[in-house]
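Colleague: Pasting in a structure now, in structure tokens, and then I'll have a few things to ask.
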Amino acid sequence: MALNISPAQLPQVTELRIPEVRSERPAGVGSETSFADRLREFVHDVDQTQKTAHTAADEYAAGRRNDLHGTMIAMSQADITLRLLANVRNRVLEAYREIMRMGA
7 MALNISPAQL
17 PQVTELRIPE
27 VRSERPAGVG
37 SETSFADRLR
47 EFVHDVDQTQ
57 KTAHTAADEY
67 AAGRRNDLHG
77 TMIAMSQADI
87 TLRLLANVRN
97 RVLEAYREIM
107 RMGA
């Protein structure tokens, strides 16, 4: 009662392609937007996500919206973006404190 099992046919490694990532200039060198600008944009995006989630929840509660699934997705997105913003804030404060300790 021997089973005839052949090895799986795997693609050759030479057939796999790794996408090329090219950068015209190193990160941070000559960039057009500063960290403060990017942070300001991110805070604005988080605010818009929060407003969208609150609007969706209010409309669902008032009966003007039947899409519970979409409402929950909007609320989850708002939660995730707010948590990410809090983590970025914590990392920035941690870096600031580390820099202040270096000077002392």
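Reading the sequence shown from the start, the letters are residues 7 to 110 in our numbering. A virtual CB, placed ideally from N, CA and C, is assigned to each residue, including glycine. In this text the structure is predicted, and so the values were computed from the model without any measurement.
1. Count the other CB atoms within 10 Å of the CB of residue 39; is the residue buried (16 or more) or exposed (fewer)?
2. Counting Cβ pairs, one atom from each stretch, are 3 or more of them under 8 angstroms apart for the segment 78-88 and the segment 52-65?
3. So, residue 55 versus residue 66, is the Cβ gap smaller than 7 angstroms?
4. Please report how far the alpha carbon of residue 47 lies from the alpha carbon of residue 105, in whole angstroms.
5. With C-beta atoms as the reference, is residue 52 less than 7 angstroms away from residue 99?
6. Straight-line CA distance for residue 108 to residue 50?
Modeller: In short:
1. exposed
2. Flag = yes, the segment 78-88 and the segment 52-65 touch.
3. no
4. 25 angstroms
5. no
6. 32 angstroms
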